[in-house]
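Read the structure below first, then the notes.
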Amino acid sequence: MIYIAKFIVLLSTLILFGCTNVDNLDQYDALYEKYVSKKYEDSEHFEKMQKASAYIYSRGYDNFFSRFHLVRHRHILMIVCGRYANLLQGDYNKEMAWANLPTHIHTLRHNYNWKKDIFVLAQNTSNDLTNPMFKHAKKFLNSPNGMNPKTQIADLISTIDAAITMPSYSELIKKVPQFCTDIQRVYNIMESL
1 MIYIAKFIVL LSTLILFGCT NVDNLDQYDA LYEKYVSKKY EDSEHFEKMQ KASAYIYSRG
61 YDNFFSRFHL VRHRHILMIV CGRYANLLQG DYNKEMAWAN LPTHIHTLRH NYNWKKDIFV
121 LAQNTSNDLT NPMFKHAKKF LNSPNGMNPK TQIADLISTI DAAITMPSYS ELIKKVPQFC
181 TDIQRVYNIM ESL
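Reminder that position 37 of the sequence shown reads as 37 in the working numbering, one-by-one numbering, no gaps.
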C-alpha cells in the first residue's frame with residue numbers, strides 16, 4: 001500500500017512539473033501567465049512590462065525575432081542568445097561538420113565583432129534551474145514548432161552567406177550581439193525584486 005501511495009505521489013509530481021508539453025507559443029504563453037501570477041504582485045508585472053517594452057522597442061528591434069514578443073518571450077530569447085556562446089566555443093563543430101563552422105566563427109568574430117563574453121552571460125542566465133520558464137522555453141525550442149540549435153545555427157550560416165551579396169543581412173548580423181545584451185537587460189528589469 002505504501003508503494004502505491006509513493007507511486008501516485010511521484011506520478012503526480014512528474015505530471016505537474018516534468019511532463020509539461022510546450023509544443024507551441026500558446027502553451028508557452030499559458031505557462032507564462034501561471035508564472036506571472038505566482039511571481040508578481042498587483043500591478044508589478046504590468047509596470048515592469050511597460051518599462052522593459054519601452055526600453056527594448058526604443059532600441060530599434062521592432063522586426064527583430066518578429067515571431068516573439070521581446071519581453072514576454074525573454075526566456076526563449078535568452079536561450080537563443082546563449083546558444084551563440086556554444087557556437088563561438090566550437091561546440092557544434094563536430095556535429096555540423098558540413099557547415100564549415102570554424103570559417104563562419106572566424107567571420108563572426110572578425111567581420112561582425114562577435115565576442116563570446118556577450119553571449120556567455122545569456123547562456124549562464126538561461127541555465128538558471130530555479131526559474132521554471134527556462135525549462136518551458138527549452139521544451140518549446142526543442143519542439144517541432146521551435147528552433148533547435150542545429151536549425152538556429154544553420155539559419156545563421158545562411159544569413160552570413162547571404163550577407164556577402166546583401167548588405168541588409170550584414171546589418172542584421174551586426175545587431176545580434178547588442179540585441180543579446182539588451183535582452184539581458186530586459187530580463188534583469190523583469191526579474192528584479
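Virtual Cβ for every residue (Gly too), placed ideally from N, Cα, C.
In chain order, what are the residue ranges of uninterrupted alpha helix (DSSP H) at least 4 long that sit wholly in the region 88-142?
Segments of the alpha helix (DSSP H) lying fully in the region 88-142: 101-111, 116-126 and 132-141.
For residue 193, which of helix, strand or coil comes out of DSSP?
Coil, per DSSP.
Closest by CA to residue 173, which one among 91, 133 and 113?
Of the candidates 91, 133 and 113, the one whose C-alpha sits nearest the C-alpha of residue 173 is 113.
Note down the Cα distance separating residue 56 from residue 115, rounded to an integer number of angstroms.
Distance between the alpha carbons of residue 56 and residue 115: 21 Å.
Nearest-angstrom Cα separation, counted from residue 98 out to residue 51:
Distance between the alpha carbons of residue 51 and residue 98 is about 43 Å.
Where does residue 58 sit, in a helix, a strand or coil, going by DSSP?
Reduced to three states, the DSSP call for residue 58 is coil.
So, does the region 74-83 touch the region 147-159, judging by three or more C-beta pairs under 8 Å?
Verdict: yes, contact present.
Burial state of residue 134, where buried means 16 or more other Cβ atoms lie within 10 Å:
Residue environment: residue 134 is assigned as buried (16 or more neighbouring CB atoms within 10 Å of its CB, all protein chains considered).
Using the beta-carbon count (16 or more within 10 Å), is residue 125 buried or exposed?
Per the 10 Å Cβ criterion, buried.
For the structure I just gave you, are there three or more beta carbon pairs, one from the region 173-189 and one from the region 56-66, closer than 8 Å?
The region 173-189 vs the region 56-66: in contact.
Closest to residue 181 by C-alpha separation, out of 69, 117, 141 and 127, would be which residue?
When only C-alpha atoms are compared, the closest one is 117.
Measuring CA to CA, which of 87, 42 and 109 is closest to residue 194?
Residue 194 lies beyond the range of the chain shown here (1 to 193); nothing can be said about it.
Where does residue 72 sit, in a helix, a strand or coil, going by DSSP?
Residue state, collapsed to three classes: coil.
DSSP three-state assignment for residue 188, whether helix, strand or coil
Looking at residue 188 - three-state DSSP - the assignment turns out to be helix.
Name the residue from 159, 64, 63 and 33 whose alpha carbon lies nearest to the alpha carbon of residue 49.
Looking only at 159, 64, 63 and 33, the smallest Cα-Cα distance to residue 49 is reached by 33.
Can you give the Cα-Cα distance for residue 192 and residue 105, rounded to whole angstroms?
Cα to Cα, the separation comes out at about 34 Å.
From residue 67 to residue 25, what does the alpha carbon distance come to, in whole angstroms?
Looking at the two C-alpha atoms, the distance is approximately 9 Å.
Quick one: grab the DSSP three-state call for residue 146.
Reduced to three states, the DSSP call for residue 146 is coil.
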